[in-house]
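Visitor: Positions 200 to 351 (the numbering used here) are the ones given, in order, by the sequence shown.
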Amino acid sequence: MPSYLLRHHDRHGLPGYLPGTMESSQWFEQLDCGNVFRNAFSADCWILQNNQRPVRQAGYYASDVVLQQYALMSTRHGFAGCPPRQLRLQTVVNGSALRLLGCPGVRLSDFLSDCELGRFTARVLQGAGLVADGMEWRPDQRDLLLWLSVRP
């Protein structure tokens, strides 16, 4: 199982970073004026778990935050420049994404262009210089996982 770098708070309440696994309850999380960005990164997989930007006046997009989180984590922990092979969207709750993914025969290109979550994902991929070449929707999983295989 790959190791992820996850945000934690020490016994004094100070944030820091530790290696962890996907099953860990600790994630890289940022809270900003009501917006939430919770993600985990490893050299071969990014897990986008909770990215919400209800406060639109913040002056940035959720994809900008994901890319900054990756830059910080990968540089700090020695895997900058290692493109992931997989991007996982965990706990998919976006209504338009769920409706689209529930359609038989939905294509990756449909997902990336026809719903808000897909367009967010496309911006993350473009900003990271990645291309998605496969999609697997796992609605039977506990966390409603969408797995994308990616390449530079």
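Backbone N, C-alpha and C fix where the C-beta goes; we use that ideal spot for every residue, glycine too.
Values in this document were obtained by computation on a predicted structure and should not be read as measured data.
1) Alpha helix (DSSP H) containing Leu316: first to last residue?
2) In the DSSP assignment, what residue or residues form a beta bridge with Gly198?
3) Once the 5 residues before and after Thr290 are set aside, which same chain residues still bring their CB inside 7 Å of it?
4) With a CB to CB cut of under 7 Å and the five nearest residues on each side skipped, what residues in its chain are close to Leu297?
5) Taking the runs of the beta strand (DSSP E) that are 3 residues or longer, which of them lie wholly in the segment 236-321?
6) Please report the Cβ distance between Leu311 and Ala331, rounded to the nearest whole angstrom; I am assuming they are in contact, meaning their Cβ atoms lie under 8 Å.
7) By alpha-carbon positions, which one of Trp336, Cys244, Asp243, Ala261 ends up nearest to Leu299?
Guide: The answer reads as follows:
1) From DSSP, the alpha helix (DSSP H) with Leu316 extends over 315-326.
2) Outside the displayed span of the chain (200 to 351) sits residue 198, for which this structure offers no information.
3) Same-chain partners within the cutoff: Gln248, Asn249, Asp342, Leu343.
4) Within the same chain, Leu297 has close Cβ partners Val291.
5) Within the segment 236-321, complete beta strand (DSSP E) segments of at least 3 residues are found at 244-251, 285-288, given in chain order.
6) Between the beta-carbon of Leu311 and that of Ala331 there is about 7 Å, and that keeps the pair under the 8 Å contact cut.
7) The residue among Trp336, Cys244, Asp243, Ala261 with its C-alpha nearest the C-alpha of Leu299 is Trp336.
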